[in-house]
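Top line first, the protein sequences correspond to chains R, P and H. Count along the first sequence starting at 1, add 12, and that's the number in the working numbering. Count along the second sequence starting at 1, add 9, and that's the number in the working numbering. Count along the third sequence starting at 1, add 6, and that's the number in the working numbering. Ideal Cβ placement from N, Cα and C applies to all residues, glycine included. To start, the structure under review is shown below, and the notes come after it.
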Amino acid sequence: MSDKLKNPDEVEDVDMEGGDSTTEKKLQPQSLDHSFGSEPVSTIEIIPTGKFTKYREQGFKAKDTDLHGTQMESAFEQELSMMEHDAATADEQDTSKYGRIVLPGDFSSATHDISFQQIDAEQSILNGGFKDNNTSTVVRFFGVTSEGYSVLCNVTGFKHYLYVPQPNSDDAKDPQQRERFLNYLNEMFDNGVDSIEVVEKQSIWGYSGDGKLPFWKVLVTYPSLINKLRTGFEKGHYTYNSWFSNGTTTYDNIAYPLRLMVDCGIVGMSWITLPKGKYTLIPDNKKLSTCQLELTINYKDLVAHPAEGDWSHMAPLRILSFDIECAGRIGVFPEPEEDPVIQIANVVSVAGAKKPFIRNVFTVNSCSPITGSQVFAHDKEEDMLRHWRQFILEADPDVIIGYNTTNFDLPYLINRARALKVEEFPFFGRLKTVKQEIKDTIFSSKAYGTRESKNINIDGRLQLDLLQFAQREYKLRSYTLNAVSAHFLGEQKEDVHYSIITDLQNGDSETRRRLAVYCLKDAYLPLRLLEKLMGLVNYTEMARVTGVPFSYLLSRGQQIKVVSQLFRKCIQIDTVIPNMSSQASDEQYEGATVIEPIRGYYDVPIATLDFNSLYPSIMMAHNLCYTTLCNKATVERLKLTKDEDYVITPNGDYFVTSKIRRGILPIILDELINARKRAKKDLKNEKDPFKRDVLNGRQLALKISANSVYGFTGATVGKLPCLAISSSVTSFGREMIMLTKNAVQDKYSKANGYENDAIVVYGDTDSVMVKFGTNDLKEAMALGTEAAAYVSTLFKNPINLEFEKAYFPYLLINKKRYAGLYWTNPDKYDKLDQKGLASVRRDSCSLVSIVMNKVLKKILIERNVNGALEFVKKTIDDILHNRVDISKLIISKTLAPNYVNPQPHAVLSERMKKRDGMGPNVGDRVDYVITGGNDKLYNRAEDPLYVLEHNIQIDSKYYLTNQLQNPIISIIAPIIGEKQANSMFVVKSIKISTGETKGGLMGFVKKVASCKGCRGPLKKGEGPLCANCQSRSGELYIKALYDIRDLEEKYARLWTECQRCAGTLHNEVLCSNKNCDIFYMRVKVKKELQEKMEQMSKW
Amino acid sequence: MDSLLQKFNETRDDDPETIERITINEKYDAKNRFALDYKDRDYSSQFYHMYKYRLVTFKERVNRECLKRWDNGFELKGNPVVKKEKVLDIQGNQPCWCIGTIYCEMKYKPNILEEVVNDTYGAPDLVKSYMDPEGADEIMLEDESGRVLLVGDFIKSTPFITGTVVGVLGMEADAGTFQVLDICYPAAIPQKPLSLPTDKKNHGKIALVSGLNIKPTSPENSLRVQLLQEFLMGRLNSNISSDLSNIGKLIICGNSMDFNVKSDSPGSLTNSLEEFGKFLGNTLQSISIALMPGAGDPSDRSLPQQPLHKALFKEALRPYFDKMNNEILNLVTNPYQFNINGIELLAIAGQNINDIHKYVISSQDLDSNSEVEKTDLEHRLDLMECTLKWQNIAPTAPDTLWAYPYKDFDPFVLDEWPHVYVVGNQPEFGTRDVTLNGGTKIKIISIPEFSSTGGIVLLDLNTLETELVQIEL
Amino acid sequence: AEEKINSYINEKLLTEVKPVLFTDLISQFKLGPSKAKKSMYSYYKFTSTSNVNFNCILMCCYKDGTVKLRSDLNNATNEMDEEQDNLTDCFIYAFNPMEEFIPVNSVIEQMNALTIRNPFKLATSTLEEVKPIQPQMRSKTT
């Protein structure tokens, strides 16, 4: 082995150094020990070998065409290699690797194109008398080039505008009169109106013939004027020649930055090229930003690239994830006015890279070094805050992420800096003189609900809070970082309670290192979640598909995305969009159809026929759009032919067919669907993992966008509500579902020669569930496929009914509540599918979902109804005999500030504060179990740990009747009948009342040692058994011994597992993560084992 | 066949008078480091105390050895090598050495959290190896400050096992990783002087057996145990009875019963105990026994296992369990350290090696460059040698080998090296004379599982030589 | 004495249909192992001319310390002839009337029949003889 490791060159080197006897002398002792397990010292090079160096991929694949100087790429990679080679050189003060690579000295507008991915856009004004095309207003695009240079691009010369219809009178056609009107306006608006142009446009709203009409395009010098100008037109304030005295509709109400993006063809997160010679670099002394390249360019000169093909890659965006630790007072959640920030951990990675390239932690007071990370210790908190701000400016992240950073970490830092009077702290955006401010916002949306949040302006840096991302995109029982990590990353996380943090801080540099390691983990997890959930990739593709800036995706609802797409499509066909009044309307329309379910347990295959993208396909098939909507009068005036030139929808609305005019919405939908097909096809052929992620994000974004178009039309509080479209869509949907049901039942009947009569057992919105009657799954699938194809022929293209899956067996409980074994091929089922059941209700204990899933598994997978019933009985028995692990009985609720009525968790919080001196705070989740007794329910909520420590009795009846009974009965009643299902619980409930009760007298009973065998009292001095049981001593000892053995193993396994999770063998496990499945188990086993040992000592 | 029978049985010698068995001197007054009374147990602490005790104990020993090996002035490629007091003090671009505990993160280690989440807790443990064949497992060096990932080719050629405390020489290769160039074990510990008697006439021996795995439902097993009884009583081979009387004691190294509480009915253990009781009742009339519990015996699940309790056996046998009769039946712990005729022996029922084996079982498969294919026996003897070198006979406790949570103590840490190291319940018999650091010599003996091999090991107390007697069916 | 032994073997083997081990003779008739082995052989010779339905189980002792039980005698005859240079002893361990050989062990006071005696004597504590006093009154709790 040793010979193989020798490097011939090294041997020669040693020979050349032959005179160095000292070295030889030092090396010799090592090779004396030839026994097993100790190899001679290796002579290999002490530098990292290939397999241990950092990953070199930066995650983005820049095409050659993207680069206009291969020298730059080469320089960048060389710099990066040097960084990686020295990565392990974590000198305390060496931060040279933080900054971006330096611009080439010869960089100039005359010689270099600039292509950058823009990540954010905002409106601004250039000062100093700058004017381009009579306007000083610019849109700022922040971005990054392929090489990694940061860019601030001021797009100049673009004037905001609106449209109004040209007045009907003859004098309105006179250019001189128009000029006078312009002057009239400018007297009111201080010469802010730049010009009026006459253009031929058509309105998106309604069809009334094919002609375009003259519109006046009114351009303004200052975008802020546009709203006042619009109001004047709409309310009839302009009395000049009585043209607009009655008020007129204005068109194209859109924000200035989005207006520019639409007109220039710029979508969110797309690439822009600035041709050399066309832009002007701003010298360093005049820069407003910290970007390496700050420049101006006229909007006509920039080249906007569609985000496809070569321009679909991501720039090397820098992503910063950080976490702060605060020292709190006993029993008080940290407050920035009082409690210091003691540590800030930072991890910086490049988008697509496998590992971060910066890992550091800022601390107050000394902290021992951490291998693989940098530690910056400070004597004072103020110094740390200043240093951290400097770090942000130097690392210059494009994206700032974290977990709850929007509502906690960032506001806390800013408020803490204010309390300490660190005046320069809140200036860490990319604009040097713009201060970060905290604003409270309330976001309300039908899709996402209502959430209060804070908003902080960090210009030029995207913010992505993983907590908000998870809340928006996923439905989970809990959104703690522990729960989310466990769910998506498959790993538990040690959770240190905030009360312990202060003790670690007040220890020494070793304990502060312990805290710092923990803090670094918390900073690293959001980065891993972002990668795992593909948050950045998916949101980037959504921004590209819909055309909105990235920042809109977190702060705005769905409507802005459809608005953006509408405007982009309309500009191509000379169409303008009226500014509708946003008024809440009481008008309602009929929704989707639900075919009444034939409830029961089906032990035969149930085929599911699904319409593919039903609402989008209805809109496309019947050409439903703003532009195709007409009415009876128009139809008669133009002498249109029914069903050829126009259709009447089932609810009575008129739409012209595509023969007359193709609607914009159908065109948008068609393009989205085709783009998705292309993306999926490209995805199939793509090998590069990161590229595959991008394509997958793209196709998902396209799917979501297509589905949101229908919702846009039906939003009564919306930008462009049109109930005629949405109600027509649903009326077609209802008609189609019923038609499908009848067609299937008519065709697949004994009368037509089939073996069985088909029965539609359920239907909802866009799917129909059919029992064909056959027991053979393969045959049922074949019939389903055939039926879907047949029904599809009854409808217009592209409406398509597909056979997608069969349920076998199938448990149909009620509308929108069912479960079944899901098959897409006859050989193996895909999964157990369920809808509307209580499995994920957050106010149940986890036992409910555990039992429900188990019962469903036994019924549907094992086909063992009796086994399921036995399991239910056993569970009931376990509950009655207190054999259920307490973690399964925990109910969890968030503590709100005020309650009208007493709530169990609120009462418990008060009790804990009185009892322990501290307890949950507002906003914390409170875990509790319901204990026995005759008190009111809200007084019987108790902390699970307290229950375990004090052997308090659980209220079994509560868990049976209030938690478990209804969900379980809803599953088994369709199988065995309502009466029998209820009896399983009722009988037991009677028995409960005869159970043991805790009376006050029990407290006075003297504790007497009892016989291990028969529980009878023992006389003083007797061993563990009474005289009668002595003969059974062997048998009884064995039983006691094996209880001990089981507990010993359980104890050892639980606590070693906790050590592994904590990532340390030598330190105490401090975890207080109650979400973990074994947290309460380990508390309980410790207690039980101690008790059993004391009993064993009596043998 | 008839001729053979005639040859031996026609003119058989007369029976000699009853011979009294040789007396060997075992010390009984020594304090047993592995004793653990029920009433003294405390489960309020966690396992980190044991690791702290190990690190404190071994750090001093390893440090002495490291200073000898890599003393001041030692250089690697022109760079001075420095000592790092703590693991997280390791910095880049600087060759250094550091002392810490090895921790292995392995894919197939038992994971109760996973079992609870997947609702498979309580299912039988079928894992034969913890190792991930795809090589995703990680080896780390840890102390109270934190841990670093160990990398390099060196760690593939040397067993790195969770719980061992070593010194490693190398350099930070990548952020948070340490490339290992050399390794250092604890400095030598004392061994009591061994003076074997020169009187060759008195050939005292002890018999070592393990893995009886008594199971009344297995006739073959019962027959084998009965033959063992007859052999020890001197009835099978009359010609060597005088030799057999030199066997002064039988040491049963665990797993006397084969009992899995989850699969067998409650009556099975009672039957096994009854059968074992008969064996004891008969054999004790002829030879003294020291009885160790093993993994399958009705004793603790955690190490160290405490002696079997008299309540397990019938009334007639209970007198043997009295303290005053421990010369006849000595109920001992697992592990068990004892002194016979001045020879220090350390015996363990084999759980330690069987667990460590799961950490390295695939190393030979992975090492395609291996020119010598070691047998499993050689491999296990290597591991036994390693535990002596590590000076910890159960390093993987408590991580994967369940153990009692000692506070400020670890009984598996050796303060003295024994003369003989006995490991029971192994697949094969094996023996090796090892020479450790400083020239210390120790005899390693691998005791085979009797129920599958029929092997009984005889250890000569004068020469420390071993011989294997095999009972075949 | 030989007749008594043969009669005992007959009774157990034919009437009770149970296996007979040479150790049974040791404990029943207080024989030494050598004598017991001889007696087994005598019985074997005595019955070899009769049509008796039972199997012989042989015990072979080898020079290297191996002790081997053989029961498939027909197939093993040639093999044993080849081995005999290594044999140090060979005797009949048991007569088995059944298909399967299931030995039954039992605790027997054997002090008079021991080949090798344990030098330590079992001490009996008088405390063990004291039985717990029966309680005069039991609790009615149960």
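For residue i, which residues in chain P fall below 7 Å Cβ to Cβ?
i	result
tyrosine 1063/R	Tyr52
From the beta carbon of residue i, is the nearest beta carbon of chain R less than 9 Å away?
i	result
glycine 359/P	no
arginine 156/P	yes
tyrosine 57/P	yes
Is it the case that the Cβ atoms of residue i and residue j are separated by a distance below 9 Å?
i	j	result
asparagine 361/P	alanine 325/P	no
glutamate 449/R	asparagine 469/R	yes
leucine 75/H	leucine 390/P	no
phenylalanine 28/H	alanine 42/H	yes
alanine 619/R	alanine 908/R	no
arginine 690/R	proline 986/R	no
In whole angstroms, what separates the C-alpha of residue i from that of residue j?
i	j	result
lysine 783/R	glycine 472/R	58 Å
serine 12/P	leucine 1053/R	55 Å
isoleucine 266/R	tryptophan 217/R	17 Å
asparagine 255/P	arginine 156/P	54 Å
leucine 45/P	proline 381/R	40 Å
isoleucine 28/P	glutamate 19/P	24 Å
proline 590/R	leucine 174/R	10 Å
valine 232/R	lysine 185/R	21 Å
lysine 24/H	phenylalanine 820/R	60 Å
asparagine 239/R	threonine 262/R	11 Å
tyrosine 415/P	leucine 566/R	53 Å
Output needed for residue i: all residues of its chain with C-beta closer than 6 Å, excluding positions within five of it in sequence on either side, in chain order.
i	result
isoleucine 412/R	Leu332, Arg473, Gln475
glutamine 15/P	none
phenylalanine 201/R	Leu237
lysine 367/P	Ser138, Tyr139
Ordered along the chain, which non-local residues of its own chain (more than five positions away) have a Cβ less than 7 Å from that of residue i?
i	result
lysine 1099/R	Leu960
threonine 943/R	Arg952, Glu954, Val959, Ile964, Gln965, Ile966, Asp967
Could you name the residues of chain H that residue i contacts, counting a contact when the two beta carbons are closer than 7 Å?
i	result
serine 254/P	Ile122
aspartate 22/P	Ser40
Just to make sure I have the definition right: I need the residues of chain R whose C-beta is within less than 8 Å of the C-beta of residue i. Which are they?
i	result
threonine 279/P	Gly1046, Glu1047, Ile1050
Are any of the Cβ atoms in chain P nearer than 9 Å to that of residue i?
i	result
glutamine 1102/R	yes
valine 1081/R	yes
serine 13/H	no
Using the beta-carbon of each residue, which ones in chain R are nearer than 7 Å to residue i?
i	result
tyrosine 112/P	Leu1077
Shorter than 9 Å from the beta carbon of residue i to some beta carbon of chain H?
i	result
serine 295/P	yes
aspartate 469/P	no
Which residues in chain P sit within 8 Å of residue i, going by Cβ to Cβ distance?
i	result
isoleucine 114/H	Asn291
Note down, in chain order, each residue of its chain lying with its Cβ closer than 8 Å to the Cβ of residue i, except the 5 sequence neighbours on either side.
i	result
glutamate 153/P	Lys61, Leu64, Lys95
Which residues in chain R sit within 9 Å of residue i, going by Cβ to Cβ distance?
i	result
asparagine 6/P	A query on residue 6/P cannot be resolved here, the shown segment of chain P reaching from 10 to 482 and no further.
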